[in-house]
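Participant: In the numbering used here, the protein residues as written are 83 to 431.
Don't be surprised by glycine CBs; every beta carbon is placed ideally from N, CA and C.
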Ligand code: DOR
Ligand code: ZN
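(1) Quick one: what's residue 217 bridged to in DSSP?
(2) Considering residue 264, what are the terminal residues of the alpha helix (DSSP H) in which it resides?
(3) Which residues in the same chain have their Cβ closer than 7 Å to the Cβ of residue 237, if we skip the five residues on either side of it in sequence?
(4) Taking buried to mean at least 16 other C-beta atoms within 10 Å of its own C-beta, is residue 293 buried or exposed?
(5) With a cut-off of 8 Å on the beta carbons, I'd call residue 356 and residue 94 a contact; round off their distance for me.
(6) I'd like to confirm the pairing. Which residues does DSSP put opposite residue 409 in its beta bridges?
(7) Flag residue 124 as yes when its Cβ comes closer than 7 Å to any non-hydrogen atom of the ligand DOR, and as no otherwise.
(8) Roughly how many whole angstroms lie between the Cα atoms of residue 435 and residue 141?
(9) What's the call for residue 433, buried or exposed, on a 16-neighbour Cβ count within 10 Å?
(10) How is residue 242 classed by DSSP in three states: helix, strand or coil?
(11) Please check the pair residue 157 and residue 198, which I expect to be a contact at CB under 8 Å, by giving their CB distance rounded to whole angstroms.
(12) Quick check on the DSSP output: the beta strand (DSSP E) that includes residue 158 runs from which residue to which?
(13) Determine the direct distance from the alpha carbon of residue 185 to that of residue 207, and round the result to whole angstroms.
(14) Could you tell me the alpha carbon to alpha carbon distance between residue 122 and residue 194, rounded to whole angstroms?
(15) Name all residues in chain order for which at least one heavy atom of the ligand DOR lies closer than 5 Å to the residue's CB.
(16) Does the beta-carbon of residue 259, which I'm using as the reference point, lie nearer than 7 Å to any heavy atom of the ligand ZN?
(17) Please name the residue, chosen from 102, 313, 109 and 103, that lies closest to residue 354 on a Cα-to-Cα basis.
(18) Could you check whether the segment 333-345 touches the segment 371-387, counting it as contact only if at least three pairs of C-beta atoms, one from each stretch, sit closer than 8 Å?
(19) Between residue 226 and residue 244, what straight-line distance do the alpha-carbon atoms span, to the nearest angstrom?
(20) Taking residue 143 as the reference, give the member of 203, 106, 212 and 181 with the closest Cα.
(21) Determine, using beta carbons only, whether residue 328 and residue 417 come nearer to each other than 8 Å.
(22) From residue 425 to residue 360, what distance separates their C-alpha atoms?
(23) Which one of 325, 99, 333 and 130 has the shortest CA to CA distance from residue 376?
(24) Could you check if residue 300 belongs to the surroundings of the ligand ZN, using beta carbon to heavy atom distance under 7 Å?
(25) The alpha helix (DSSP H) with residue 109 in it runs from where to where?
(26) Counting beta carbon pairs with one atom in the segment 120-139 and one in the segment 397-406, are three or more of them shorter than 8 Å?
(27) At what residue ranges does the segment 180-240 contain a whole run of the alpha helix (DSSP H), taking only runs of 4 or more?
(28) Just reading off the beta strand (DSSP E) that residue 398 is part of, what are its end residues?
(29) Quick check on the DSSP output: the beta strand (DSSP E) that includes residue 423 runs from which residue to which?
(30) Can you check which of these residues, 421, 258, 111 and 187, is closest to residue 330 by C-alpha distance?
(31) Can you name, in chain order, every residue of its own chain whose Cβ lies under 7 Å from the Cβ of residue 214, other than the five neighbours on each side?
(32) Give me the DSSP bridge partner(s) of residue 359.
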């Protein structure tokens, strides 16, 4: 008999859903896998106000297929800019649907041009977030072109994050999609107000994947994949049982044509197989007993959300990922395209 696991239905604490027809294409994958998802605000026009976040939430709810309407709840976020006001933070908190505020250093990644140019501009707003218990979600990379791409996360921690944690001791902070042993060590030793999400792709691949017999744009994301020793540190953190680490896929769809080009976009699509990809890692690390805490408990506790009531069953059952998935009028190439995934998840009420 094949191996079977039952876990509380997981949540995705970092997800890109995009908008309109593109959202319509990718939303069913996440809504099938996850009970809730923290939805990133980096749309072409960034989601900078409560009004915009509520309208986006409504578009997501409308786009959910009927059979998934009761199964998925989008947890909205605001996009922090130099001009976000403390009043906007109060509105966001009071509306009850906004669960975090995202800091993109300006220029760090996709649609981050409107991001923060200097964190000092945001101190009053961060105070309001601290006072209203609204978490700060961080893309933790410096953008200084003089800094080597592979060092940007570590230098962000030293220059920006460490002082920020000291200045705002009650502010809950999620360092998103950590990629280095430095980040894992920082979060481990930081106060309990600091947590981190880890993606499936950073657990599965090191930077060699980007250059395997040629350039492989579908392994390009930001923060970029790092050395093997960093991947090993991430696996150790994720499978440790430490409540500061939890699931955030950073599943980030781009059209095949925008990836396979001279200047390809950053982002890896994993929503089609996210829970299964994490399960593979926990199995390889002999830590399947720690999977549920990482996928379904730690994040909810940190975000002060109730535990999901439904269950996901995971069967050790090989299946082949399609070469492409339709994405509005185009296609996207999912992670593991054409390859085997070794577990299959199904949800039961
Ligand atoms: O690889 C990434 N893609 N990293 C990000 O930070 C943004 C994301 C996207 O929106 O495509
Ligand atoms: Zn992201």
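Facilitator: In short, the structure shows the following:
(1) Taking the first residue of the chain shown as 1, we reach residue 217 at position 135. According to DSSP, residue 217 bridges with nothing at all.
(2) Numbered from 1 along the chain shown, position 182 holds the residue referred to as residue 264. Going by DSSP, residue 264 is part of the alpha helix (DSSP H) stretching over 263-271.
(3) The residue labelled residue 237 in the question sits at position 155 within the chain shown. Around residue 237, the same chain offers 224 and 229 as residues with beta carbons nearer than 7 Å, after the five sequence neighbours per side are excluded.
(4) As a position in the chain shown, residue 293 is number 211, starting the count at 1. Taking all protein chains shown into account, residue 293 has fewer than 16 neighbouring C-beta atoms within 10 Å of its C-beta and is therefore exposed.
(5) Along the chain shown, one-based indexing puts residue 356 at 274. Along the chain shown, one-based indexing puts residue 94 at 12. With 8 Å as the limit, residue 356 and residue 94 qualify as a contact, their Cβ atoms being about 7 Å apart.
(6) Taking the chain shown and counting its residues from 1, the one referred to as residue 409 is at position 327. Bridge partners of residue 409: 412.
(7) The residue you call residue 124 lines up with position 42 of the chain shown. It does: the Cβ of residue 124 is within 7 Å (strictly closer) of some heavy atom of the ligand DOR.
(8) The structure shown does not extend to residue 435, since the chain spans only 83 to 431, so no value can be given for it.
(9) As displayed, the chain neither begins before 83 nor continues past 431, which places residue 433 out of reach and without an answer.
(10) The residue labelled residue 242 in the question sits at position 160 within the chain shown. Taken through DSSP and simplified to helix, strand or coil, residue 242 comes out as helix.
(11) What you label residue 157 is simply residue 75 of the chain shown in a count that begins at 1. What you label residue 198 is simply residue 116 of the chain shown in a count that begins at 1. Taking the Cβ atoms as the reference, residue 157 lies roughly 22 Å from residue 198, outside the contact range of under 8 Å.
(12) In the chain shown, residue 158 corresponds to position 76, counting from 1. Counting along the chain, the beta strand (DSSP E) containing residue 158 begins and ends at 155-161.
(13) Here residue 207 corresponds to residue number 125 of the chain shown, with the count starting at 1. Here residue 185 corresponds to residue number 103 of the chain shown, with the count starting at 1. Each residue's CA atom was taken as its position, placing residue 207 and residue 185 some 12 Å apart.
(14) The count along the chain shown starts at 1 and reaches residue 122 at position 40. The count along the chain shown starts at 1 and reaches residue 194 at position 112. If I take the Cα positions, the gap works out to 12 Å.
(15) Every residue with a CB closer than 5 Å to a heavy atom of the ligand DOR is listed here in chain order: 98, 191, 192, 303, 304, 334, 348 and 349.
(16) The residue given as residue 259 occupies position 177 in the chain shown. Yes - the ligand ZN has a heavy atom lying nearer than 7 Å to the Cβ of residue 259.
(17) The residue you call residue 354 lines up with position 272 of the chain shown. When 102, 313, 109 and 103 are compared, the shortest CA-CA separation from residue 354 is found for 109.
(18) Flag = no, the segment 333-345 and the segment 371-387 do not touch.
(19) As a first step, residue 226 is located in the chain shown; it is residue number 144 there, counting from the start. As a first step, residue 244 is located in the chain shown; it is residue number 162 there, counting from the start. Going from the Cα of residue 226 to the Cα of residue 244 covers about 18 Å.
(20) Working through the chain shown from its first residue, we reach residue 143 at position 61. Selection 203, 106, 212 and 181 evaluated against residue 143 yields 106 as nearest (Cα-Cα).
(21) As a working mapping, residue 328 is identified with position 246 in the chain shown. As a working mapping, residue 417 is identified with position 335 in the chain shown. Residue 417 sits away from residue 328, with the two beta carbons spaced by 8 Å or more.
(22) Stepping through the chain shown from its first residue, residue 425 is reached at position 343. Stepping through the chain shown from its first residue, residue 360 is reached at position 278. Answer to the nearest angstrom: the Cα atoms are 10 Å apart.
(23) Numbered from its first residue, the chain shown carries residue 376 at position 294. Closest by alpha carbon: 325.
(24) For the purposes of this step, residue 300 is identified with residue 218 of the chain shown, where counting begins at 1. The answer is no for residue 300.
(25) Indexing the chain shown from 1 puts residue 109 at position 27. Where residue 109 is concerned, the enclosing alpha helix (DSSP H) stretches over 102-115.
(26) Output reads no: the segment 120-139 does not touch the segment 397-406.
(27) Under the rule that a run must span 4 or more residues, the alpha helix (DSSP H) segments found entirely inside the segment 180-240 read 205-214 and 234-238.
(28) Locating residue 398 in the chain shown gives position 316, counting from the first residue. For residue 398, the uninterrupted beta strand (DSSP E) segment begins and ends at 393-402.
(29) On the chain shown, residue 423 is found 341 positions in, with the first residue counted as 1. Residue 423: member of the beta strand (DSSP E) spanning 422-430, first to last residue.
(30) What you label residue 330 is simply residue 248 of the chain shown in a count that begins at 1. Out of 421, 258, 111 and 187, 258 has the C-alpha closest to the C-alpha of residue 330.
(31) For the purposes of this step, residue 214 is taken as residue 132 along the chain shown, with counting starting at 1. These residues qualify, in order along the chain: 171, 172 and 175.
(32) Here residue 359 is taken as the residue at index 277 of the chain shown, counted from 1. Answer by DSSP bridge pairing: none, since residue 359 is not bridged.
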